[in-house]
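**Student:** Chains as they are written, first to last, in my numbering: chain R, 1 to 600; chain H, 601 to 885; chain C, 886 to 1130.
Yeah, the Cβ is synthetic: ideal placement off N, Cα and C, and Gly gets one too.
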Amino acid sequence: MQMPAAGLHPGRVNVLGSMSTIGALPLLALFAFGVALPLFGGGYWGVIATRACVYWVLVSGLNLVVGFAGQIAIGWVALLTLGAYTASVLVAGNAAPQLPAYLALAIAGVVGAVFGLIVGLPALRLRTFYFAITTLGFATIVTQVALAWQSVTGGGVGVAGPVFPPPFSSEWGFYYFCFGFAAICTWMTGNVAASRFGRALTAIRDAEVAAEASGISKPALLVTVFLFSGAVAGIAGGLFATLQSYITPDAFTLDLSVLFFIAILIGGRSSILGPLLGTILLTVLPEFAAPLVAWSTFLYAALLLVIVLAIPGGIAELLDFKNRRPLASDRAIVPRPELLPRLLGTPADAGALTLEQVALSFGGVHAIDGLDLEIRPSQVHGLIGPNGSGKTTTLNVISGYYAQHRGAVRLNGMALPVFARERRAHLRIARTFQTPRVVGSASVLQNVMIGGTIDGKGTFVESLLSLPRHRRDEAKLRDTAMLALTAVGLERLAAVRADRLQHSELRFIEIARALMLRPAYLLLDEPAAGLSGEEIKRLGTFLLAIAAAGTGVLVVEHHPDLIFDICHHVTVLNLGKKLAAGTPAEIRSHREVVNAYLGG
Amino acid sequence: MVQSIVLSGLAVGCIYALIGITYNVMFSASRVFSFTAGALGMLGGVLGALFIDRLGMPVALGFPLALLGGVALGIITELIAVRPVLKSLDQHLYVLSTLALALMLQQFTAIEWGTDARPFPRLFDLPRGGFDQQFWLPMLACAAVIVGLELLYRHTLIGRAFQAIAEDTYAARALGLPERSLRMASYALAGAIGALAGFAGGEMLLAFFGNAPLLTFYGFVPVALGGMGSNRGAVVAGLLLGLFQQAANFLVGGIFASVAVFTVFIIVLLARPEGLAGAALQRRV
Amino acid sequence: MPISAAEPLLEVAGLSTGYGKIGVLRGVDLTVGAAEVVALLGPNGAGKTTLLRAVSGLLPWSGRVRFAGRDLAGLGPRETAQAGLVHVIEGHRVFTQLAVHDNLLLAGYDLPRGERAARVEEVFVLFPEIAAKRHERAAALSGGQQQILAVAQGLVRRPRLLMLDEPSAGLSPVLVDRVLIVAQRLREAGTAVLLVEQLIEKALALADRIYALARGSIVLEAKAGEPDLPARLEQAYMATAPRAS
Chain R
1 MQMPAAGLHP
11 GRVNVLGSMS
21 TIGALPLLAL
31 FAFGVALPLF
41 GGGYWGVIAT
51 RACVYWVLVS
61 GLNLVVGFAG
71 QIAIGWVALL
81 TLGAYTASVL
91 VAGNAAPQLP
101 AYLALAIAGV
111 VGAVFGLIVG
121 LPALRLRTFY
131 FAITTLGFAT
141 IVTQVALAWQ
151 SVTGGGVGVA
161 GPVFPPPFSS
171 EWGFYYFCFG
181 FAAICTWMTG
191 NVAASRFGRA
201 LTAIRDAEVA
211 AEASGISKPA
221 LLVTVFLFSG
231 AVAGIAGGLF
241 ATLQSYITPD
251 AFTLDLSVLF
261 FIAILIGGRS
271 SILGPLLGTI
281 LLTVLPEFAA
291 PLVAWSTFLY
301 AALLLVIVLA
311 IPGGIAELLD
321 FKNRRPLASD
331 RAIVPRPELL
341 PRLLGTPADA
351 GALTLEQVAL
361 SFGGVHAIDG
371 LDLEIRPSQV
381 HGLIGPNGSG
391 KTTTLNVISG
401 YYAQHRGAVR
411 LNGMALPVFA
421 RERRAHLRIA
431 RTFQTPRVVG
441 SASVLQNVMI
451 GGTIDGKGTF
461 VESLLSLPRH
471 RRDEAKLRDT
481 AMLALTAVGL
491 ERLAAVRADR
501 LQHSELRFIE
511 IARALMLRPA
521 YLLLDEPAAG
531 LSGEEIKRLG
541 TFLLAIAAAG
551 TGVLVVEHHP
561 DLIFDICHHV
571 TVLNLGKKLA
581 AGTPAEIRSH
591 REVVNAYLGG
Chain H
601 MVQSIVLSGL
611 AVGCIYALIG
621 ITYNVMFSAS
631 RVFSFTAGAL
641 GMLGGVLGAL
651 FIDRLGMPVA
661 LGFPLALLGG
671 VALGIITELI
681 AVRPVLKSLD
691 QHLYVLSTLA
701 LALMLQQFTA
711 IEWGTDARPF
721 PRLFDLPRGG
731 FDQQFWLPML
741 ACAAVIVGLE
751 LLYRHTLIGR
761 AFQAIAEDTY
771 AARALGLPER
781 SLRMASYALA
791 GAIGALAGFA
801 GGEMLLAFFG
811 NAPLLTFYGF
821 VPVALGGMGS
831 NRGAVVAGLL
841 LGLFQQAANF
851 LVGGIFASVA
861 VFTVFIIVLL
871 ARPEGLAGAA
881 LQRRV
Chain C
886 MPISAAEPLL
896 EVAGLSTGYG
906 KIGVLRGVDL
916 TVGAAEVVAL
926 LGPNGAGKTT
936 LLRAVSGLLP
946 WSGRVRFAGR
956 DLAGLGPRET
966 AQAGLVHVIE
976 GHRVFTQLAV
986 HDNLLLAGYD
996 LPRGERAARV
1006 EEVFVLFPEI
1016 AAKRHERAAA
1026 LSGGQQQILA
1036 VAQGLVRRPR
1046 LLMLDEPSAG
1056 LSPVLVDRVL
1066 IVAQRLREAG
1076 TAVLLVEQLI
1086 EKALALADRI
1096 YALARGSIVL
1106 EAKAGEPDLP
1116 ARLEQAYMAT
1126 APRAS
């Protein structure tokens, strides 16, 4: 493999840009088709198309929850119900003075957002099945309430849906109204998907600990997404009520929820186009096969099973021809330490990272027992010791996964808050993991960009609307990430899905991601595990260069060759206590260390 | 009035507890919560009504056949929705595969059996009223399952093997236990228990496809509150849930009873995600 | 102890394995003769446990493994145990909620009932300290007794080769001797032992031969009695050239 010339400007390679152009073509085609639809079809197809648009307004928001953040929200029909009843009841004036349809629709959006947050909040603490079942429970309850609260909802008799004034009162007028919402939702969620928020969502889904280490706050992000998703679901509800012209609780069966949910999974996760096609497909399909209408939900469920078992990536992955091309098999990782100063800049002196008398025990077993440690900038500090000596535990205390029972971890004299993992990134403390944590379905470049999430300036709303600050953030992140990738020697793989890479490459991707923080301290958990001898040497050289650029490096490692080759200072742990500390040469001739290490 | 609230509360509670145990038996063998638990309960009722009412079988034949249907569905769950995804690193796949299967069962029932709630036959020709069979049958079924499981776990080798797998699947595998057949057997057992719940509670719940999601939710509440894998916890929490629901139903009306159950469920889950009994923090890094 | 080089009981050749994409072992060769005690040494993270897991079928592997003249390719832990190759995993992971007696019965799960009961009694004779607690839950045993129970579980199968993974880990020195003596007795009874052990001196005292594993490969093979072994081991572990000292 040929080394690229040193004068290369890797930041100019706009991989994502070219990708999104290709991705936008089908969307534009769909848009054109949607605009021109009245030219083709008769009245009935207009209703079907309107319905597809209304569903998509909801699904586009749900897609961020399910497809991007990976939260299994199966009861989203509840928000459609709430939006539909809110809009209908307000226009009908059952509970309050009559309101105009537009205002009622806006209020339906607000109600949707509030309840989206309420249904979604449990996701901050509950995982997978638990969250799924709470959303299911919520959907069950909302229907029961709609049925029972007769004075407002009309109970089983129902209530008339809102009617919008001209020009949206006619059939095609209303179609364009819904189509407009659908198009805006597509555009907005597409913007989010391609932003640092979209990448952060996928990171929460596939590599939560890496997201935390990159400074991504899961609660803040999910709250934003639930609000957005709830708002569009509420609006979809209002539109749905108009489309139905009369609503009863029967209209909001769980089947509908299943349709929304399955449309996303059939379409594929982390995709906008896939779920959009999925929604259209599931809305239109029963119309082509009238005898199958009764069986439609059954078939959707069967389709879901097939997809889960056979193609977990959905349509989007089937259409991803680019990532079928075989990769060169003889690729070697050749890091370019000379790029590090440009990437890391000249860091301000962050002061020393110190542990003072830190102690932590699990169920009476002392994992760490009164440990003192000082890690200084520009130094590589090695932490070694037998299994169970407390190395990884120490690293996890520093990065906030465990709270010490005693003692303090300080950065430049200031105590680090316990448990606040994502705060570490803001203090420029970066880390990697024993098993690389990457978003397998995202490209290598996107994975590295996740590391720079906290450097973005724009807000979620700016990303939704693709405002200038959002675009500047993205361009800058992409350039920096490309530079980081070039520094670790993996720029050729920038556009490749991360799950296609070898283990050793994933290790270097993690390092590139960590470098995006321009870390004052870099903590590495067994970085040499699974690397070949040659790769370990290159890793060693690279870590030394990172330290030379001013970063303090802490390496937890089994491989004595790596530790002794590159460390300025080595601390040996045994049974949670410091057994010895000193230069590699001192440690090597330390009898007790050799004994402990050899188990003699 | 108090008597009827208590009776119906305990009876419904027993059904919830049995569905909870169905979840637990599957979970212990595979660390998977399966959405099919509620569908199994629903099918117990529908199959019972089908065999006894529609096909005119005697109870002595319809009952074992309904249980056998549950067993078959348990095995199908294991084979097509659990086994293929257990190997996957993506841990949430089982949620989707079991959800898909549960929906298929529910929809199939809706189409072939109908979407109306149909009556379930009275199993014994006894006069109605008081401590009626519709109340004591679920209680009897629940007691029988608890005693049966206890005997199985205490006195048979296969029962101990179930416990071994529940405690440490890896060690069980290393010891040479036939982990796969044991898992399948657990699912078969869970299928029978789920079907029994629906059958015994048939008269209260009716033979209705829509029971599936309700039982899936209300049957999981005892698991979540009682601690996953704990049958004792499921029974206690199930009975409390049944009593609470029936009392609230009577005192403040159906809407608020449902909302109250849901709210309590969410609050407890948020406060103690591992259930009221026992908590285990997994190492993530 | 003489080794029948022509027909080793266990023959591992070119074995590679790992977890998912992470390669841990690369081309490991190793043999164990009948009634031989072989110690597998190495720094932590070297892949010792992984090697045992692969051989017993808990992990998929590539290469060649033959046991008692039989190819083990594609066999799971159940089949290898039935063939007489029993793996006692690390960390005395017995079933704490079950009685000691039941723990042993489970080890003979696929034996006929009478045979199973007889084997369990046989094992109790070997280990009076757990026989005394046969009806108590395994949770009530001390760490050392749990380890003995784990070894006893392995013996219910009457193995031809017993693989013990760090039986001494977390035990007090007295208990370590108690557990390791079992290995000695097994050899006398004609059972081969493949022992993963951190305590080098203990391992050297017990074993006929040793292998050292470092960085996923065998870096040293020697007879236990050879001179200067600790120094050679240190060198092999640390991957350093001999130093003047």
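Taking just the CA atoms, how far does K476/R sit from R205/R?
**Tutor:** Cα to Cα, R205/R sits roughly 24 Å from K476/R.
**Student:** By the DSSP assignment, the beta strand (DSSP E) with D525/R in it spans what residues?
**Tutor:** Residues Y521 to D525.
**Student:** So which residues of chain H does L138/R contact, with C-beta pairs closer than 8 Å?
**Tutor:** One point to set straight first is that residue 138/R is Phe, not Leu, in the sequence displayed. What F138/R touches in chain H: F862.
**Student:** Is the Cβ-Cβ distance between T551/R and P519/R less than 8 Å?
**Tutor:** In contact: T551/R and P519/R (Cβ atoms closer than 8 Å).
**Student:** Mind pulling the chain R residues with CB within less than 7 Å of K906/C?
**Tutor:** In chain order: Q502 and H503.
**Student:** Flag G298/R as yes if its beta-carbon sits less than 8 Å from any beta-carbon of chain H, otherwise no.
**Tutor:** The question names Gly, but residue 298/R in the sequence shown is Phe. Chain H, which has a Cβ nearer than 8 Å to the Cβ of F298/R, makes this yes.
**Student:** Report yes if the CB atom of V308/R is closer than 8 Å to the CB atom of A700/H, and no otherwise.
**Tutor:** The answer is yes: Cβ separation under 8 Å.
**Student:** If we cut at 8 Å on Cβ distances, does E1111/C have a partner in chain H?
**Tutor:** Not one chain H Cβ lies under 8 Å of E1111/C.
**Student:** Residues of chain H with CB closer than 9 Å to the CB of A1097/C, please, in chain order.
**Tutor:** The contacting residues do not exist; A1097/C stays about 25 Å from chain H at best.
**Student:** Does any CB atom of chain H fall closer than 8 Å to the CB of A1025/C?
**Tutor:** False, the Cβ-Cβ gap to chain H never drops below 8 Å.
**Student:** Going by DSSP, name the residue or residues bridged to T916/C.
**Tutor:** Note: T916/C sits in a beta bridge opposite E896/C.
**Student:** Since A992/C and L782/H should fall inside the 8 Å C-beta cutoff, what is the C-beta to C-beta distance between them, to a whole number of angstroms?
**Tutor:** No, A992/C and L782/H are not in contact; Cβ-Cβ is about 15 Å, not under 8 Å.
**Student:** In terms of alpha-carbon separation, which member of K906/C, G930/C, P1013/C and V1064/C lies closest to P945/C?
**Tutor:** Per the Cα distances, K906/C.
**Student:** Does the beta carbon of L254/R come closer than 8 Å to any beta carbon on chain H?
**Tutor:** Yes, its Cβ sits closer than 8 Å to a Cβ of chain H.
**Student:** Residues of the stretch 308 to 332 of chain R with a CB closer than 9 Å to any CB of chain H: list them in chain order, please.
**Tutor:** Listed by position, the residues of the stretch 308 to 332 of chain R near chain H (Cβ gap below 9 Å) are V308, L309 and P312.
**Student:** Is I907/C helix, strand or coil by DSSP?
**Tutor:** In this structure, I907/C counts as strand in the three-state DSSP scheme.
**Student:** Please list the terminal residues of the continuous alpha helix (DSSP H) segment that includes A666/H.
**Tutor:** That run of the alpha helix (DSSP H) goes V659 to I676.
**Student:** Using a beta-carbon distance below 8 Å, is N574/R in contact with chain C?
**Tutor:** For N574/R, the answer is no, since every Cβ of chain C falls outside 8 Å of its Cβ.
**Student:** Closer than 9 Å by beta-carbon distance: list the chain C residues that pair up with A350/R, in chain order.
**Tutor:** Ordered by position in chain C, no residue passes the 9 Å Cβ test against A350/R, which lies about 31 Å from the chain.
**Student:** Is it right to say K218/R is buried, meaning 16 or more other beta carbons lie within 10 angstroms of its own, or is it exposed?
**Tutor:** When all chains shown are included, K218/R counts as buried.
**Student:** Kindly list the residues whose CB is nearer than 6 Å to the CB of Y785/H, restricted to its own chain and excluding five residues on each side of it in sequence; keep chain order.
**Tutor:** Residue 785/H is actually Ala in this sequence, not Tyr. So no residue of the chain qualifies.
**Student:** Against chain H, with Cβ distances strictly below 8 Å, would F980/C count as a contact?
**Tutor:** At least one chain H Cβ lies under 8 Å of F980/C.
**Student:** May I ask you to report which of helix, strand or coil DSSP gives S1102/C?
**Tutor:** Note: S1102/C maps to strand in three-state DSSP.
**Student:** Just confirm the distance between the C-beta atoms of E422/R and G215/R, as a whole number of angstroms; I'd bet it's less than 8 Å.
**Tutor:** 5 Å between Cβ atoms; contact.
**Student:** Using a Cβ cut-off of 8 Å, which residues of the stretch 418 to 449 of chain R contact any Cβ in chain C, in chain order?
**Tutor:** Within the stretch 418 to 449 of chain R, the residues whose Cβ lies closer than 8 Å to some Cβ of chain C are T435, listed in chain order.
**Student:** Under 8 Å, do I793/H and V745/H count as touching if we go by C-beta distance?
**Tutor:** In contact: I793/H and V745/H (Cβ atoms closer than 8 Å).
**Student:** Excluding the 5 residues preceding and the 5 following D653/H in the sequence, name in chain order all residues of the same chain whose CB lies nearer than 6 Å to its CB.
**Tutor:** Once the five neighbours on either side are set aside, the close Cβ partners of D653/H are P721.
**Student:** Measure from the C-beta of V594/R to each C-beta in chain C and report whether the shortest distance is under 8 Å.
**Tutor:** Cβ-Cβ to chain C under 8 Å: yes for V594/R.
**Student:** Are the C-beta atoms of P122/R and some chain C residue less than 8 Å apart?
**Tutor:** No, P122/R does not count as interfacial toward chain C.
**Student:** Let me know the secondary structure DSSP gives K577/R once reduced to three states.
**Tutor:** Looking at K577/R - three-state DSSP - the assignment turns out to be strand.
**Student:** Identify, in the order they occur along the chain, each residue of the same chain with its Cβ nearer than 6 Å to the Cβ of G382/R, setting aside the five sequence neighbours on each side.
**Tutor:** So the list reads V555, I563, C567 and V570, once near-sequence residues are dropped.
**Student:** Would you say P560/R reaches chain B, if we count a Cβ-Cβ gap shorter than 8 Å as a contact?
**Tutor:** Annotation note: the requested chain B is absent from the structure, which comprises protein chains R, H and C.
**Student:** Excluding sequence positions up to five away, which residues of its chain have a Cβ less than 7 Å from the Cβ of L304/R?
**Tutor:** Answer for L304/R: I262 and L265, listed in chain order.
**Student:** Candidates A790/H, F844/H and T863/H: which alpha carbon is nearest V632/H's?
**Tutor:** Minimum Cα distance to V632/H is reached at A790/H.
**Student:** Going by beta carbon distance, what residues of the same chain come within less than 7 Å of L749/H, once the five residues before and after it are set aside?
**Tutor:** Result list for L749/H: N831, in chain order.
**Student:** Using a C-beta cutoff of 8 Å, does G776/H count as contacting chain C?
**Tutor:** Chain C, which has a Cβ nearer than 8 Å to the Cβ of G776/H, makes this yes.
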